[in-house]
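*Asks:* Letter 210 of the sequence shown, counting from 1, is numbered 210 in my numbering, and no numbers are missing.
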Amino acid sequence: MLTQNLGYPRVGSRRELKKAEEKFWSGAVSAQELDQTARHIRQQNWETQRKAGIDLIPSNDFSLYDQILDTCLLTGAVPERYQPLVKKDPLTLYFAMARGLQQEGIDIGAMEMTKWFDTNYHYIVPEFTKDQEFKRISDKPVKEFEEAKALGIVTKPVLTGPVTFLAVGKEKEPGFDRIDLLPKLLPIYTDLLQELADKGAEWVQLDEPVLATDLSERQRHAFSLVYSALRAAAPNLRILLATYFGDLQENLETALSLPVDAIHLDLVRSPEQLETLLLNTGFVRSTRQLSLGVVDGRNIWKNDFQKSLHLIRKAEEVLGKDRLIIAPSCSLLHVPYDLDTETALPGDIRNWLAFAKQKLSETKILAQIFLDKRPWSECPVYLENQNAVQQRQQSNKIHKAAVKSRVAGIRPKDSERGTTFSERQSFQHKQLGLPLFPTTTIGSFPQTEEMRRLRAAYKKGAVTLEAYEAAIRDEIVASIRWQEEVGMDVLVHGEFERNDMVEYFGEQLSGFAFTQNGWVQSYGSRCVKPPVIYGDVDRPTAMTVRWSSFAQEQTALPVKGMLTGPVTILQWSFVRDDQPRRDTAFQIALAIRDEVIDLEKAGIKVIQIDEPAIREGLPLRKSGHKAYLDWAVEAFRLSASGVKNATQIHTHMCYSEFNDIIGSIAAMDADVITIETSRSQMELLDAFADFEYPNEIGPGVYDIHSPRIPAAGEMVGLLKKALKSIPPKNLWVNPDCGLKTRKWPETKAALVTMIDAARTLREEI
Ligand code: GLN
Ligand code: ZN
């Protein structure tokens, strides 16, 4: 029985890679220095895994930016616009593809980025053309294999499987199906496998997570073509086919028919598929190995050894122990490095957690307990583990009877506003008295360097609460005055008191814990530190009323109350695994509902509940979409429905693909939705138009990701385009998203222009 790991976090335990990269981009360190940092991280990662006793340690799981971008270079899938850079040094090309390049007369945009399956990790989307040629222009997998070998570790190189690589990319021109590029792509892989075998590799891991998604017939068919060719090319290399993030369902047959040496299954997401596999006589009678992904690579909870050992035993009874490999469910890229560096978590909560390093030990210990002659219950490590598991199950930190009974008592009418939108609309228009095409912003105003520094100083205790709050008050007053002056219709307080839209609420709700170093790579050098939702969530006191009321007291114009919605709070946290996500979402929804009601009581007439993460929570399989969308929509409605008809509920989403979820967006029944549209030239409004979306919409009229200030005419043009599908009384005027990352001068200039555009439109209509 072996142990293996599929991938390790790569930003460094103290985010060394992020820091080195950002310095490299600004010219403060050289390519050699960046390379040294990268080597050091790889070495540390390998040694950590060796020390943990892992048998099959991955290599080529490291990346300077993203593993799919690495695969683009490995296969020479370099879009035309970067071709002039191919002759330059490889790092210039690499980072130009990742981040764009503006230098010495060159101005090339970055490649597109999107979320990796249902994770919060973003990968670079490969672009393919009809006449796509492939050519190996990088030796990364071989180099990293040799680098580890020089340290005395014979690793298992990890490659993105060819079918997955094509599947996660997109066609840049019409008239072909990218899966048909396989015959041209395959030689890159067969050559590489031969070379790795020649260099002494014994195993190679091919990641094919697309097997956990709905595949087309042609994609499914492609698998046998690919894996027969790979098998033939490297007969002595052991091929591990890695699947993760879900149940293979109808693709299991396909996976089991492939001539590979081992297959990895994610038994955390789907323990049931083990039984299906064990019924497959072809697999059972073969000598193929099975890798059991029993340690959760997507979440931070300590493994329940009893559960895992039961699964291992089930497999062992049919296959025997020699055919089994114990592993985390997927790459550990999605969890933080090391719990040992967390010194501020309450002791009991800390004892419920495991980060990447701890998950390696869990993997090894599971194999050891299983192979131990003693009964499990006589192994001290087992008992210790079960103790922690039980303690968590019973802790009164987690279980709050009042919260549970409140969720159990939710009635359908709690998610109803009680009247139709058109009735509410007339109440709201009367109460608010807004002009046609009202102007507003999405919530945050620039977070100046001073404000950030002040917050950091306040958190460290170097600045008093009084001084910190006085500064926030000044910012709010100044921003309200300015919005009045320029003629904004619905004002915001600017969110100066918030560090982050989830953390700010998590810190005030019960059931949340925060780490000091729990960083997880989001994309490139960007990392996030998700809160940990460990217990029943409730709201000890109002969270935003004080600042919202303060802002409202400064003006007679309406100031929007600003909240983060339940699905987004859920989606951007590590979520408890002892109850369905839905239940946690409803608990958060009730807390937000109370906040909405309190804001209304305090005289706030417009309340925005941001839900930018609704779409990314969609399950990988179409068959799962409806159930998810049903509870996600209900959670939102629950949070929004406690107020009177005259109170206007806004929501905001910052992405631009609504086609497949427009019905659910409409079902959220927010009075106003603001969305990102400027970069798509309002095209995504088509989804709303085709659906005859009934409520009010604010399609963003300018891109907040760039300091560029469009002319008023450009915004008027976009608005006129929007008016083709939106009735005038439903159209709002606002930017694409919040402005916290911008600077004040460009923000002011852009908003003045935007208000100008709204005025022009009012005159012309
Ligand atoms: N209200 C938030 C802001 O303006 C919304 C941010 C978001 O959509 N991601 O910053
Ligand atoms: Zn946004």
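We put the beta carbon where it would ideally sit given N, CA and C, even for glycine.
Going along the chain, which residues of its own chain have a beta-carbon closer than 7 angstroms to the beta-carbon of Ile-588, five neighbours each way excluded?
*Replies:* The answer, listed in chain order, is Val-537, Pro-566, Ile-569 and Leu-570.
*Asks:* Looking only at C-alpha atoms, which of Glu-272, Leu-739 and Lys-404 sits nearest to Asp-583?
*Replies:* Among Glu-272, Leu-739 and Lys-404, the Cα nearest to that of Asp-583 belongs to Lys-404.
*Asks:* From this set, Gln-447, Arg-220 and Glu-202, which residue's C-alpha is nearest Val-210's C-alpha?
*Replies:* Taking only the C-alpha atoms, the option nearest Val-210 is Arg-220.
*Asks:* By DSSP, does Gly-511 sit in helix, in strand, or in coil?
*Replies:* Strand at Gly-511.
*Asks:* Do the segment 346–363 and the segment 390–399 touch if we need at least three Cβ pairs shorter than 8 angstroms?
*Replies:* Result yes; three or more Cβ-Cβ pairs closer than 8 angstroms.
*Asks:* Between which two residues does the beta strand (DSSP E) containing His-650 stretch?
*Replies:* Note, His-650: beta strand (DSSP E), 648–653.
*Asks:* Here's the rule: buried if 16 or more other CB atoms are within 10 angstroms of the residue's CB, otherwise exposed. What is Asp-736?
*Replies:* Buried, since its Cβ has 16 or more Cβ neighbours within 10 Å.
*Asks:* Whole angstroms are fine: how far does the CA of Leu-629 sit from the CA of Ser-664?
*Replies:* Ser-664 and Leu-629: Cα-Cα distance of roughly 7 angstroms.
*Asks:* Buried or exposed for Lys-87, please, with buried defined as at least 16 other CB atoms from any protein chain shown within 10 angstroms of its CB.
*Replies:* Its Cβ having fewer than 16 others within 10 Å, Lys-87 is exposed.
*Asks:* Taking the C-alpha atoms as reference points, what is the distance between Gly-246 and Arg-269?
*Replies:* Rounded to whole angstroms, Gly-246 to Arg-269 spans 5 angstroms at the Cα level.
*Asks:* Is it buried or exposed, Gln-102, if we count other Cβ atoms within 10 angstroms and call 16 or more buried?
*Replies:* It is exposed - the Cβ of Gln-102 has fewer than 16 other Cβ atoms within 10 Å.
*Asks:* Helix, strand or coil for Arg-298 per DSSP?
*Replies:* Arg-298 falls in the coil class under three-state DSSP.
*Asks:* Just the C-alpha distance for Lys-266 and Asn-120, rounded to the nearest angstrom, thanks.
*Replies:* Just to set this straight, residue 266 is Asp in the shown sequence, not Lys. Approximately 18 angstroms between the Cα atoms of the pair.
*Asks:* I want to check one thing, is the minimum distance from the CB of Lys-560 to the heavy atoms of ligand 4 below 7 angstroms?
*Replies:* Ligand 4 is not part of this structure, which contains only ligand 1 and ligand 2.
*Asks:* Around the C-beta of Ile-325, are 16 or more other C-beta atoms found within 10 angstroms, so that it is buried, or is it exposed?
*Replies:* Per the 10 Å Cβ criterion, buried.
*Asks:* Can we count Asp-338 as close to ligand 1, meaning its CB is less than 7 angstroms from some heavy atom?
*Replies:* No, ligand 1 has no heavy atom inside 7 angstroms of this Cβ.
*Asks:* Quick check on Cys-72: does DSSP put it in helix, strand or coil?
*Replies:* DSSP places Cys-72 in helix when its eight states are reduced to three.
*Asks:* Do Leu-739 and Thr-441 have their beta-carbon atoms positioned less than 8 angstroms apart in this structure?
*Replies:* Closer than 8 angstroms, so yes.
*Asks:* Does the contact criterion of 3 or more C-beta pairs under 8 angstroms hold for the segment 645–660 versus the segment 684–693?
*Replies:* Yes, they touch.
*Asks:* Check whether the Cβ atoms of Lys-601 and Thr-647 sit closer than 8 angstroms, and answer yes or no.
*Replies:* No. Outside cutoff.
*Asks:* For the segment 308–327 against the segment 356–374, are there 3 or more C-beta pairs whose distance is under 8 angstroms?
*Replies:* The segment 308–327 vs the segment 356–374: in contact.
*Asks:* Report the partner residues of Gln-521 according to the DSSP bridge assignment.
*Replies:* DSSP output for Gln-521 lists Cys-527 as bridge partner(s).
*Asks:* Taking only heavy atoms of ligand 2 into account, decide whether any of them is closer than 7 angstroms to the Cβ of Ile-697.
*Replies:* Not under cutoff, so the answer is no.
*Asks:* Of all the beta strand (DSSP E) runs that stay within the bounds of the segment 220–251, which reach a length of 3 or more residues?
*Replies:* Fully enclosed beta strand (DSSP E) runs of 3 or longer: 238–242.
*Asks:* Less than 7 angstroms between the CB of Ile-442 and some heavy atom of ligand 1, yes or no?
*Replies:* It does: the Cβ of Ile-442 is within 7 angstroms (strictly closer) of some heavy atom of ligand 1.
*Asks:* Along the chain, where does the beta strand (DSSP E) containing Gln-102 start, and where does it finish?
*Replies:* Here the beta strand (DSSP E) through Gln-102 covers 101–103.
*Asks:* Do you know whose CA, among Thr-555, Leu-151 and Val-528, lies nearest Lys-18's CA?
*Replies:* The option with the nearest alpha carbon to Lys-18 is Val-528.
*Asks:* Apart from the five residues on each side of it in sequence, which residues of its chain come closer than 6 angstroms, Cβ to Cβ, to Ser-138?
*Replies:* Cβ within range, chain order: Leu-73 and Leu-74.
*Asks:* Check whether the Cβ of His-650 lies closer than 7 angstroms to any heavy atom of ligand 2, and answer yes or no.
*Replies:* No, since every heavy atom of ligand 2 falls outside the 7 angstroms radius drawn around the Cβ of His-650.
*Asks:* Taking the runs of the alpha helix (DSSP H) that are 4 residues or longer, which of them lie wholly in the segment 141–221?
*Replies:* Taking only runs of at least 4 residues, the alpha helix (DSSP H) segments lying wholly in the segment 141–221 are 162–167 and 182–198.
*Asks:* Would you call the segment 151–164 in contact with the segment 34–50, where contact means no fewer than 3 C-beta pairs closer than 8 angstroms?
*Replies:* The answer is yes - the segment 34–50 touches the segment 151–164, with three or more Cβ pairs under 8 angstroms.
*Asks:* Measuring straight from C-alpha to C-alpha, what distance separates Ser-422 and Arg-546?
*Replies:* Roughly 32 angstroms separates the two Cα atoms.
*Asks:* With a threshold of 7 angstroms (Cβ to nearest heavy atom), would Lys-740 be considered close to ligand 1?
*Replies:* Because some heavy atom of ligand 1 lies under 7 angstroms away, the Cβ of Lys-740 counts as near it: yes.
*Asks:* What residue from Phe-62, Val-295, Arg-637 and Asp-180 has the CA that sits closest to Thr-155's CA?
*Replies:* Answer by Cα proximity: Phe-62.
*Asks:* Grab the span of the beta strand (DSSP E) containing Ala-262 for me, first residue to last.
*Replies:* Run containing Ala-262: 262–266, per the beta strand (DSSP E) assignment.
*Asks:* Cβ-heavy atom distance between Pro-612 and ligand 2 below 7 angstroms?
*Replies:* Checking every heavy atom of ligand 2 against the Cβ of Pro-612, one is found closer than 7 angstroms.
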